[in-house]
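In UniProt numbering, the protein residues as written are 1 to 199.
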Ligand SMILES: Nc1nc2c(c(=O)[nH]1)N[C@H]1C(S)=C(S)[C@@H](COP(=O)(O)O)O[C@H]1N2
Ligand SMILES: [Mo]
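See below:
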């Protein structure tokens with residue numbers, strides 16, 4: 001007989017402090033939703049402190065990199081969390097294999113449409129759960145949720161998960177992005193409630 005205790009993780013263990021679980025999928029951003037009529041006009045630039053800067057088409061993102069499906073919980077700084085969200089895309093660590101990141105690169109700036117940016121450390125960017133997602137629940141992202149490609153960094157507040165991604169820039173210093181310049185935290189760990197920069 002087996003007496004070992006296997007404690008099932010209950011949902012409160014999965015919800016960071018002062019967050020509420022939603023079953024809806026809120027849409028949240030500043031600015032307007034870009035609609036791409038022709039996805040061949042979209043590209044993703046990898047640049048900054050790298051030996052081999054790259055420009056990828058959507059076709060390349062979908063075909064030359066291993067495609068993975070990851071399920072995780074997401075936490076927005078405004079207070080909602082959504083459990084078991086399912087994303088498909090390319091791991092950040094696979095995407096950067098060919099660019100040769102320089103050793104003094106310590107931070108990453110994600111550039112989205114309309115000049116929107118957010119920043120994270122290179123460790124957070126390259127975490128094993130960090131994804132550049134093109135699909136949600138097996139369907140291509142809707143325009144509202146970031147079509148054609150968005151970041152998904154589930155271990156950080158969801159504002160770090162840039163929708164409508166267009167550029168990934170490696171830098172030596174941390175460059176505060178849109179919300180970070182407006183008082184939000186440079187890292188944004190939901191378990192430590194790093195909502196604002198003075199937290
Ligand atoms: N380009 C861009 N990405 C963004 C934002 C934004 O304003 N612009 N808002 C962030 C915030 S605050 C959240 S909570 C999530 C929301 O993603 P969703 O609309 O898919 O739920 O997108 C993040 N990514
Ligand atoms: Mo958010």
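Yeah, the Cβ is synthetic: ideal placement off N, Cα and C, and Gly gets one too.
- The three-state reading of DSSP puts residue 61 in helix, counting H, G and I together.
- With a cutoff of 7 Å, residue 26 counts as near ligand 1, since its C-beta is closer than that to a heavy atom of the ligand.
- About 11 Å separates the Cβ atoms of residue 187 and residue 118, ruling out a contact at the 8 Å cut-off.
- Beta-bridge pairing by DSSP links residue 70 to 87.
- Non-local C-beta neighbours of residue 113 in its own chain, meaning closer than 7 Å and more than five positions away in sequence, comprise 34, 164 and 166, ordered along the chain.
- Scanning 144, 168, 102 and 45 for the CA closest to the CA of residue 120 turns up 168.
- With respect to the C-alpha of residue 134, the residue from 103, 128 and 66 having the closest C-alpha is 66.
- Distance from the C-beta of residue 135 to the nearest heavy atom of ligand 1 is not below 7 Å.
- Taking the Cβ of residue 77 as the reference point, at least one heavy atom of ligand 2 falls within a distance shorter than 7 Å.
- In the DSSP assignment, residue 109 forms a beta bridge with 119 and 169.
- Residue pairing by DSSP places residue 75 opposite 81 in a beta bridge.
- Ranking 18, 64 and 174 by CA distance to the CA of residue 95 puts 64 first.
- By the criterion of at least three beta-carbon pairs nearer than 8 Å, the segment 137 to 153 is not in contact with the segment 176 to 187.
- One thing to note: residue 75 has its Cβ no nearer than 8 Å to the Cβ of residue 171.
- For residue 158, the Cβ falls inside the 7 Å cut-off from some heavy atom of ligand 2.
- Comparing alpha-carbon positions, the option among 145, 57, 71 and 182 lying closest to residue 45 turns out to be 57.
- The three-state secondary structure of residue 30, taken from DSSP, is coil.
- Under DSSP, no beta-bridge partner is assigned to residue 18.
- Remark: C-beta atoms of residue 80 and residue 22 approach each other more closely than 8 Å.
- With 16 or more other Cβ atoms inside 10 Å of its own Cβ, residue 124 counts as buried.
- DSSP places residue 131 in the uninterrupted beta strand (DSSP E) bounded by 131 to 136.
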